[in-house]
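Below is one structure, written out as structure tokens, with a few remarks after it.
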């Protein structure tokens with residue numbers, strides 16, 4: 034059976050058993066272990082080799098699911114606080130608030146297992162280099178997680194149990210820009226940790242830890258041209274805010290599966306409005322997030338039935 038399983042590790046370099054599984058759209062994770070080649074001056078070709086440093090990286094693309102996406106948000110951002118909004122009226126509903134790591138911090142690592150029919154691969158101590166969300170009318174919301182990990186080994190083939198909650202689709206999405214709901218034709222959002230992949234140390238072929246670089250949050254959106262508001266905001270270098278909400282089925286007590294992504298401060302980095310037909314003019318807007326003075330640059334609030342990540 035083909036699957037991807039994820040499980041949070043207790044410490045770096047110590048693999049664990051997956052606790053949640055997903056049916057991905059695609060998987061392209063590979064271990065790069067370039068051998069060390071020895072050369073001399075007497076011949077033109079290598080004469081010996083030694084094992085080289087190992088870097089494991091690649092992508093997992095999957096439908097955005099209310100249960101499994103929390104693990105990827107934790108691998109990406111690093112901090113989570115969990116609470117119960119209504120323990121009496123909705124005892125199985127939990128709210129998880131994810132926030133980014135600061136300088137010198139790193140997300141908790143995960144073991145990722147990939148089932149390939151009669152064989153399985155185990156990826157140890159993975160975090161996310163980046164994750165992107167793609168939203169388009171008439172489509173399921175898709176996520177692409179770019180993995181950076183310590184090593185790869187073989188694993189036993191498991192019998193996975195996939196999430197029972199349905200995946201989010203375009204009909205579940207709403208967006209609020211500058212306090213006003215906006216009609217979007219398309220939206221993409223990428224969060225990039227820019228981690229180092231070349232900080233190997235003497236005595237080991239494997240990364241000793243994860244070291245994050247600058248956090249970049251960028252995106253783009255297509256909006257029907259109704260007035261000059263977006264164009265003027267771009268020309269005048271004005272800031273605004275963006276909140277994206279995905280709302281699925283009700284769980285209980287009036288509370289449902291939901292993901293809210295809040296960007297309190299964004300600035301437009303590019304604007305275009307090409308005219309090539311008598312139809313509607315569509316504005317294409319690129320944006321980047323900036324940290325406010327008293328809040329997080331990004332806050333992701335996930336509501337589901339998972340008690341702990």
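In my numbering, the protein residues as written are 34 to 342.
Glycine residues also receive a C-beta, built at the ideal position from the N, C-alpha and C atoms.
Buried/exposed call for residue i, threshold 16 Cβ in 10 Å
i: residue 284; result: buried
i: residue 197; result: exposed
i: residue 226; result: buried
i: residue 126; result: buried
i: residue 76; result: exposed
i: residue 337; result: buried
i: residue 98; result: buried
i: residue 214; result: exposed
i: residue 150; result: exposed
i: residue 174; result: buried
i: residue 157; result: buried
i: residue 133; result: buried
i: residue 277; result: buried
i: residue 323; result: exposed
i: residue 266; result: buried
i: residue 313; result: exposed
i: residue 171; result: exposed
i: residue 120; result: exposed
Closest by C-alpha distance to residue i, when choosing among the options
i: residue 255; options: 103, 225, 316; result: 316
i: residue 343; options: 324, 271, 134; result: What the structure shows of the chain is the stretch from 34 to 342, and residue 343 is not part of that stretch, so it cannot be assessed.
i: residue 92; options: 58, 179, 129; result: 179
i: residue 145; options: 105, 163, 174; result: 105
i: residue 275; options: 289, 294, 199; result: 294
i: residue 199; options: 42, 56, 38; result: 56
i: residue 248; options: 118, 171, 331, 120; result: 331
i: residue 169; options: 194, 148, 216, 191; result: 216
i: residue 85; options: 265, 281, 238; result: 238
i: residue 252; options: 298, 292, 308; result: 298
i: residue 54; options: 263, 244, 35, 224; result: 35
i: residue 189; options: 155, 240, 269; result: 155
i: residue 375; options: 187, 195, 192, 220; result: Residue 375 falls outside the range modelled here, since the chain spans only 34 to 342, and no answer is possible.
i: residue 193; options: 148, 159, 229, 296; result: 148
i: residue 95; options: 37, 327, 218; result: 37
i: residue 300; options: 250, 333, 235; result: 250
i: residue 341; options: 131, 314, 195; result: 131
i: residue 39; options: 292, 268, 159; result: 159
i: residue 90; options: 172, 326, 240; result: 240
DSSP beta-bridge partners of residue i
i: residue 319; result: 253, 303
i: residue 131; result: 113, 333
i: residue 83; result: 69
i: residue 214; result: 209
i: residue 144; result: 40
i: residue 54; result: 38
i: residue 223; result: 165, 251
Chain C contact for residue i (CB, 8 Å cutoff)
i: residue 80; result: The structure shown contains no chain C; it holds only a single protein chain.
To test your reading of the DSSP string, which unbroken alpha helix (DSSP H) runs of 4 or more residues are found completely within the stretch 232-298?
262-268
Is the stretch 43-50 in contact with the stretch 76-86, if contact means three or more CB pairs nearer than 8 Å?
no
At 3 residues or longer, and completely inside the stretch 87-120: list those beta strand (DSSP E) runs for me, N to C.
88-96, 111-116
Does the stretch 137-156 come within contact of the stretch 180-188, defined as at least 3 CB pairs closer than 8 Å?
yes
Does the pairing of the stretch 203-223 with the stretch 58-65 give three or more beta-carbon distances under 8 Å?
no
What residue ranges within the stretch 165-203 form continuous beta strand (DSSP E) runs of no fewer than 3 residues, ordered along the chain?
175-182, 184-188
Could you tell me whether the stretch 155-168 touches the stretch 66-76, using the rule of 3 or more Cβ pairs below 8 Å?
no
Segment contact, 8 Å Cβ cut-off, at least three pairs: the stretch 316-327 with the stretch 101-115
no
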